[in-house]
Amino acid sequence: MPDTSHAANRASSARRRADFKALGPFIALAALIVLGAVVNPVFLTPGNLINVLTRTAFTGVIAIGGTFIITTGGIDLSVGALAAFVSGVMIIVMNALTPEGLPPLMVVLLGTLTVMVIGALAGLVNGLLITRGRIEPFIVTLGTMGIFRSLVTYLADGGTLSLNSQIRSFYRPVYYSGVLGITYPIIVFALVSVIGAIVLYRTRYGRYVTATGANEEVARYSAIHVDRIKLAAYALQGLCVGLAVFLYVPRLGSASATTGLGWELEAIAAVIIGGTLMKGGSGRIWGTVSGAIILASIDNILNLTGAISVYLNSAIQGCIIIVAVLVQRDAKSRP
Amino acid sequence: MSASVLAGQGIAKSFGPVQVLFGVDFAVRAGEVHALVGENGAGKSTLMKILGGYQPASAGTILVDGKPVSLRDSEIAERLGIVMIHQEFNLAETMTVAENIFLGREIVRHCFIDREAMRRASVKVLAELECVVDSDARISELSVSEKQMVEIAKAVSRDVRVLIMDEPTAVLTGAETEVLFRLIRRLRSQGVGVVYISHKLNEVKAISDRVTVLRDGRFIATEATAAVTPDDIARLMVGRDMSDMYPLHHLPPDDAPVVLAVDGLTVPGWVERASFELRRGEILGFAGLIGAGRTELMEGVVGLRSRSAGQVTAGNGRSIRSYDDAIAAGVAYLTEDRKKRGLLVDKPLTPNLTLLALGRYGKIFIDLAAERAATAKAIDTYQIKAGDIDMKVSSLSGGNQQKLLLAKTMQVEPKILIVDEPTRGIDVGTKHQIYLFLDEFAQGGGSVIVISSEMPELIGLAHRVVVMREGRVTGTLAGAEIDETNIVRYATGLSGVGADA
Ligand SMILES: Nc1ncnc2c1ncn2[C@@H]1O[C@H](COP(=O)(O)OP(=O)(O)OP(=O)(O)O)[C@@H](O)[C@H]1O
Ligand SMILES: [Mg+2]
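Heads up: the protein sequence lines correspond to chains A and B, in order. Position 43 of the first sequence, counted from 1, bears residue number 49 in this note's numbering, the numbering being contiguous throughout. Position 327 of the second sequence, counted from 1, bears residue number 334 in this note's numbering, the numbering being contiguous throughout.
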């Protein structure tokens, strides 16, 4: 029998190591903030920070859903295309409702409802193909990515769908204003993160998501309905996309074939940088949040310095993803 | 008497601040079978991983042919002829049998892998092991005992001077064990030193020349096997006298109600129209060779496998069609495949313990404090040896993982407990406790189904024994009929339904 001081000692050392690993993304974010401040004092001004965080919100909200998907051991490549598609549908619906004489608030609410429903349904389709159809998530969502992307191009007839000016001016503040200087996208992102963390860490559903990703067979033998868990995760991801679109449409008031291009990669990158295991079974919501902020900050810092071309932005993000994974592996393989 | 081929002197090992080996001496000679025994968590696997180059020692010297060596990794050890078969499988699930046997040392001809040569060589080693698996089959398609035979084939197909086997027979049947013993004897006569870790003391007695006992990470004794009885070994392991291994049979009263009735159950490809009844307070054993379909039958009963015909009825008359029905009816199933189906090995103890019964810790939100308290309680009740409550399950010793699996299954407070090879990898002392536990469970109004490949276990524990052969129930034995001869006759088709008379 190890004596208690030993056990306590060991517990704390294990915890320290876990802490270090979990803290990785936050340390990286802190370092990046210091770097940004050194490079250009503008970086730390409230206006700039709010700007960065507001831009983070779209992919950030999507990445929270992505954390659940990846924790189940799956992946969703269709989120960017889905965002574009539902943006298009939302604009069409709101444009169609405007001449009906409904108050603008009503129009926006109905548009939002449409977006959420279609987002969740699209997620369910992905989920059903994966669970009932027994097709790899990568393949299913690669397919639906193409479908959604082509649908929005079709809806926009190859051009751009624009929201009519009346609704647009009513809807604009959802992106541009907020409470006490904090914009609504930031508030929504924060709320979604808190809810995501509570669901993943504190609820049965979250535990089942983790167990499913850690070992599906063990989960099944533990009376977990693995298919339902996954289905719900894809539906949740669809809802997150809907929410992101609700925040995004007032920004430009338009949708086209290039809307949301690359969002899926940015969201997945945020999840991975945050320390969620790609193979599933271990998800970190707050890691994802800092991963998303890291990616947006790099973009911003490059813009502020001018020392490195902004065209190299993706290259730097790529390096950071690879480094993040390397660091995690080292932390893991330590005896 | 020949000199030692492989020896460890004063081997110590710590994981962080917890020391698990304290200056252990161990030596294996050429041409001997040296058994290593000790309770779960005594440090047997750890000691052998150190001698096999899989883990560094914290202190001590390793000698090969009397000369100190440094085994930085298992490859160096393998080059010196030291090969280890691990307690947990080390096979690539998606690759074929032949590819696994030659993993890392593929036969190459003109820059290309010579599949044909590898296949031929694999067929040859498998034939020596009298193992019928197809060398082109994927590992994931094999049963646990077949996987074990592939592990053994993989090991002996190398140039081995010292073969370390960590509980090789835990998943093997009697017949397969016999084959393995023949192989071990042949290796011994060729001058190979064999280290044999096992909790089956009769096997230790039968196969080994010397036996070394570890207790709590300390060297206790090395004895000539001929000079000790299995009871002596058990005493050295536990440090006290062992009372009777099996509890007395507490038969249920004659009018005990039927709590589970299985009628004409067919699991496609595995089980043909199997029927049996389980009564309250009864311990019902299931015997048969591997592949007889016992596991598949039970998985069919609880709804984990699809069935094409048959009825399963719980005591209250409700029929059981799905796993949810089974759990609701108070039926719990403990799988034989701990690593693949039983435990999340990369997670700590707590989420594993509560996974099956998570609803009891909150409908939506989990009561984390209650969960932790339950873990502390389970560690105490089931005497799980864990250095730290937050450690990963993969760091527990094999036997302690098995105890955790039992604790997990008991979390749903079942009325009917179906246990599949419940004492796999468990030491004698703990086995005894599990037998007492099952007996008390039955006396307290529960009912137990035990699948076991260890005949003494079934004979010592079960009130009735159902014997299966090739997916069919061939007979049910009760009372004095339950003995080894009868079980073997029914299991091999000499007696009972469909006998080859
Ligand atoms: N990687 C690890 N980290 C922490 N503790 C470990 C690790 N590996 C083993 N241990 C601990 O070392 C002790 C000895 O384990 P070991 O696996 O050698 O036991 P064993 O004698 O093989 O037991 P069993 O008969 O159950 O297989 C156990 O208490 C185990 O929890
Ligand atoms: Mg062991």
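A virtual CB, placed ideally from N, CA and C, is assigned to each residue, including glycine. Since the model is a prediction, treat every value here as computed from it, not as a measurement.
With distances taken from CA atoms, which of the options is nearest residue i?
i        : options                                   : result
GLY349/B : ALA220/A, GLY149/A and GLY280/A           : ALA220/A
THR101/B : ARG145/B, VAL115/B and ASP121/B           : ARG145/B
ALA299/B : VAL309/B, ALA281/B, ARG314/B and ASN97/B  : ALA281/B
GLN197/B : GLY405/B, GLY17/B, ARG36/B and VAL400/B   : ARG36/B
ASP143/B : ILE108/B, GLU174/B, SER164/B and LEU170/B : ILE108/B
LEU356/B : CYS246/A, ALA217/A and ILE307/A           : ALA217/A
ARG301/B : SER313/B, LEU291/B, ILE290/B and VAL278/B : VAL278/B
LYS161/B : SER150/B, VAL186/B, ALA177/B and SER129/B : SER129/B
GLU82/B  : SER52/B, SER11/B and ARG165/B             : ARG165/B
SER156/A : ILE68/A, LEU267/A and SER296/A            : LEU267/A
LEU194/B : LYS207/B, GLY478/B and ILE214/B           : ILE214/B
I'd like to confirm something about residue i: is its beta-carbon nearer than 7 Å to some heavy atom of ligand 1, or not?
i        : result
LEU403/B : yes
ALA49/B  : yes
GLN440/B : no
ASN319/A : no
GLY45/B  : yes
VAL29/B  : First, the residue type needs correcting, since residue 29/B is Phe and not Val in the sequence shown. No, Cβ of PHE29/B sits at least 7 Å from all heavy atoms of ligand 1.
ASP446/B : no
GLN94/B  : yes
VAL22/B  : Residue 22/B is actually Phe in this sequence, not Val. Yes; taking the cut-off as 7 Å, the Cβ of PHE22/B has a heavy atom of ligand 1 nearer than that.
MET100/A : no
MET398/B : yes
ASP387/B : no
Shorter than 7 Å, the distance from the beta carbon of residue i to the closest heavy atom of ligand 2, or not?
i        : result
ASP173/B : yes
GLN2/B   : The shown model of chain B, from 8 to 508, leaves out residue 2/B, and the question about it has no answer.
SER52/B  : yes
GLN418/B : no
GLN323/A : no
GLN450/B : no
GLN155/B : no
Is residue i close to chain B, meaning its C-beta is less than 8 Å from at least one C-beta of that chain?
i        : result
VAL224/A : yes
ILE291/A : no
SER199/A : no
THR51/A  : no
SER303/A : no
ALA203/A : no
TYR227/A : yes
ARG210/A : yes
CYS325/A : no
ARG140/A : no
ARG213/A : yes
Within 8 Å (strictly less), CB to CB, does residue i reach chain A?
i        : result
ILE371/B : yes
TYR497/B : no
LYS347/B : yes
THR382/B : no
ILE227/B : no
TYR61/B  : no
ASP353/B : yes
PRO429/B : no
TYR334/B : Before going further, note that residue 334/B is Ile rather than Tyr in the sequence given. Yes, contact with chain A.
ASP434/B : no
TYR330/B : yes
LEU28/B  : no
PRO358/B : yes
THR53/B  : no
Can residue i be considered in contact with ligand 4, in the sense that its beta carbon sits closer than 7 Å to one or more heavy atoms?
i        : result
GLN197/B : In the structure on display, ligand 4 does not appear, and the ligands it does have are ligand 1 and ligand 2.
Please report the Cβ distance between residue i and residue j, rounded to the nearest whole angstrom; I am assuming they are in contact, meaning their Cβ atoms lie under 8 Å.
i        : j        : result
LEU135/A : VAL146/A : 4 Å
LEU285/B : ILE456/B : 6 Å
LEU169/A : ILE124/A : Their Cβ separation, rounded to whole angstroms, is 17 Å, which puts LEU169/A and ILE124/A out of contact at 8 Å.
Inspect the CB distances between the stretch 55-73 of chain B and the stretch 229-236 of chain B and report whether three or more fall short of 8 Å. no
Should the stretch 269-287 of chain A be regarded as contacting the stretch 177-188 of chain A, the criterion being three or more beta carbon pairs within less than 8 Å? no
Assess contact between the stretch 233-248 of chain A and the stretch 71-85 of chain A, defined as three or more Cβ pairs (one per stretch) separated by less than 8 Å. Is contact present? yes
Quick one: any contact between the stretch 366-378 of chain B and the stretch 202-212 of chain A, if contact means 3 or more CB pairs under 8 Å? yes
Cβ pair count under 8 Å reaching 3, the stretch 42-55 of chain B against the stretch 213-228 of chain B: yes
The stretch 192-199 of chain A / the stretch 245-255 of chain A touching (three or more Cβ pairs under 8 Å): yes
Any contact between the stretch 313-332 of chain B and the stretch 476-488 of chain B? By contact I mean 3 or more CB pairs, one from each, below 8 Å. no
Segment contact flag, the stretch 256-266 of chain A with the stretch 99-110 of chain A, C-beta cutoff 8 Å, min 3 pairs: no
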